Amino acid sequence: LKGLLINSGSPPAGLSPASEELDPFWALLAESEVPVMAHVGSDLGFLNSSAWSEAAAFAPNKLSFELGFEPYSLATTHLAVEHFLTVMVLGGVFERHPALRFGAIELGAHWLGPLADNLDMWADKVFARRIAETLSMKPSDYLARNVRVTPHNIVEPVDRFFARYPHLASCYCYSTDYPHLEGGAHIATKVHEMLAPLGDDVLERYFAANGKWLLP
Numbered sequence: 001l002k003g004l005l006i007n008s009g010s011p012p013a014g015l016s017p018a019s020e021e022l023d024p025f026w027a028l029l030a031e032s033e034v035p036v037m038a039h040v041g042s043d044l045g046f047l048n049s050s051a052w053s054e055a056a057a058f059a060p061n062k063l064s065f066e067l068g069f070e071p072y073s074l075a076t077t078h079l080a081v082e083h084f085l086t087v088m089v090l091g092g093v094f095e096r097h098p099a100l101r102f103g104a105i106e107l108g109a110h111w112l113g114p115l116a117d118n119l120d121m122w123a124d125k126v127f128a129r130r131i132a133e134t135l136s137m138k139p140s141d142y143l144a145r146n147v148r149v150t151p152h153n154i155v156e157p158v159d160r161f162f163a164r165y166p167h168l169a170s171c172y173c174y175s176t177d178y179p180h181l182e183g184g185a186h187i188a189t190k191v192h193e194m195l196a197p198l199g200d201d202v203l204e205r206y207f208a209a210n211g212k213w214l215l216p
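Under the working numbering, the residues of the sequence shown are numbered 1 to 216, in order.
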């Protein structure tokens, strides 16, 4: 088994992802080096109603099996996985299973840095004493160690992510799915030119090392 796709929109087996009842499941995946994957379209059940997108401004000009191609759907594709990871990190899943690998695929990367900042803020400024009972590291450290994301290369400023969030440099992985947003004509060359000023280490991480860790 090379990877396991999960639905990030609903509690697995009706349980919180952080429930200790799921620890045998997470342990099996970690010990087997099988990464857990969330993918665009794998968020069924996250929204209680479809009415949110039922407006003239969001009428899709074309339909996809995974989502509608219109502003609302593309701007919110990351919400379910962001919520899922919040539960996993703050609930101590990666603390209890340090070898567990999690990939957010075709969901962009703009949300990861702000998520890390948000979790660190609450853990440090409000719940430091309580969090210390569950976590031995900052929430952002678990994201850096256990989570990988694939930016939308055409529209997202990947170079800014590396510059603004150097502690998350291990998270960003190159991927392409032409002609989707992370693909496109000569996209590898374009991304290489964008990242080259940041140095060979960033190029190695983005194009090879980070993805290799996710898919051993």
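Think of the CB as a built atom: it goes at the ideal place given N, C-alpha and C, for glycine as much as any other residue. Bear in mind the structure is a predicted one, so any value in this text is a computation, not a measurement.
Cβ neighbours of LEU119 in the same chain (closer than 7 Å, five flanking residues each side left out): THR86, VAL89, LEU90, PRO139 and SER140
Do GLU106 and VAL147 come within 7 Å of each other at the CB atom, strictly closer than that value? no
C-alpha distance - PRO216 paired with PRO71, whole-angstrom precision: 35 Å
Could you give the first and the last residue of the continuous beta strand (DSSP E) run that contains HIS83? From DSSP, HIS83 is part of no beta strand (DSSP E) but of the alpha helix (DSSP H) over 79 to 90.
Cβ distance (whole Å) where MET37 is taken to contact LEU74 below 8 Å: Wrong, their Cβ atoms sit about 20 Å apart, outside the cutoff.
Kindly indicate which residue of ALA30, LEU214 and VAL149 has the alpha-carbon position closest to the one of TYR172. VAL149
Under the rule that 16 or more other beta-carbon atoms within 10 Å means buried, what is HIS186, buried or exposed? exposed
Taking Cβ to Cβ, would you say ALA80 is nearer than 7 Å to PHE46? yes
Report all residues from its chain with a CB closer than 6 Å to the CB of ALA35; omit the five preceding and five following residues, and keep chain order. It is Pro, not Ala, that sits at residue 35 in the sequence shown. Around PRO35: GLY3, ARG101, GLY103 and LEU214.
So the beta strand (DSSP E) MET121 belongs to, where does it begin and stop? Premise fails: MET121 lies in the alpha helix (DSSP H), 112 to 125, not in any beta strand (DSSP E).
Shorter than 7 Å from the beta carbon of TRP122 to some beta carbon of chain D? Judged by its chain identifiers, the structure shown contains no chain D, having just a single protein chain.
Have a look at the DSSP bridge pairing and note the partners of TYR172. VAL149
Less than 7 Å between the C-beta atoms of VAL126 and PHE162, yes or no? In this structure, PHE162 does not lie closer than 7 Å to VAL126 by Cβ.
When you compare only the Cα positions, how much space is there between GLY9 and GLY199? 37 Å
Using the C-alpha atoms, what's the distance from LEU195 back to LEU168? 15 Å
In whole angstroms, give me the CA-to-CA distance for TRP26 and PRO60. Approximately 38 Å, taken between the alpha carbons.
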